[in-house]
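I have placed the structure first, in the form of structure tokens, so that the comments after it can refer back to it.
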Amino acid sequence: MFNLQPHISQLTPAPPRDPAAETTPRAKLAAILGIKDRPVIPVAAQLLSRQDEGSYFEEKYSLDAGEGVQIPLYLLIPKAAAPYAPILAFHGHGPGVGPILGHY
Numbered sequence: 000m001f002n003l004q005p006h007i008s009q010l011t012p013a014p015p016r017d018p019a020a021e022t023t024p025r026a027k028l029a030a031i032l033g034i035k036d037r038p039v040i041p042v043a044a045q046l047l048s049r050q051d052e053g054s055y056f057e058e059k060y061s062l063d064a065g066e067g068v069q070i071p072l073y074l075l076i077p078k079a080a081a082p083y084a085p086i087l088a089f090h091g092h093g094p095g096v097g098p099i100l101g102h103y
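Mapping of the sequence shown onto numbering that gives the first Met the number 0: position 55 corresponds to residue 54, and the numbering continues sequentially without gaps.
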């Protein structure tokens with residue numbers, strides 16, 4: 000499996016978190032969602048393709064979400080020097096992921 004950590008480490012770092020402040024809300028949410036006792040599944044990603052798009056690389060991954068579910072993920076990596084500002088773009092139920100990636 001492919002490791003996303005080298006790409007993630009180039010992103011602008013997030014502010015430090017206080018684990019004690021997250022414990023109670025996270026535990027309550029897990030209980031509400033009915034996932035309190037579910038095992039934590041390590042994220043595993045497989046690189047499916049990599050294309051040079053000029054000023055950036057477009058990489059397509061398949062994430063193993065557990066229980067046999069695969070989630071597609073696209074990572075656009077600028078060729079410019081880091082740090083990068085990450086942008087999460089979620090496609091809807093229309094024409095697919097193409098317009099988000101700039102493929103019209």
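Glycine residues also receive a C-beta, built at the ideal position from the N, C-alpha and C atoms. These figures come from a predicted structure and were not determined experimentally.
Enclosing alpha helix (DSSP H) for Ile100 [first to last residue]
Residue 100 is actually Leu in this sequence, not Ile. First-last of the alpha helix (DSSP H) with Leu100: 97-100.
For Pro24, the three-state DSSP class (helix, strand or coil)
helix
Beta-carbon proximity check, Tyr55 vs Leu75, cutoff 9 Å
yes
Considering only the beta carbon of each residue, do Leu62 and Val42 sit closer than 9 Å?
yes
Go ahead and label Tyr60 buried or exposed: buried means 16 or more other beta carbons lie within 10 angstroms of its beta carbon, across all protein chains shown.
buried
What do you get for Glu66, buried or exposed, if any count of 16 or more other CB atoms within 10 angstroms of its CB means buried?
exposed
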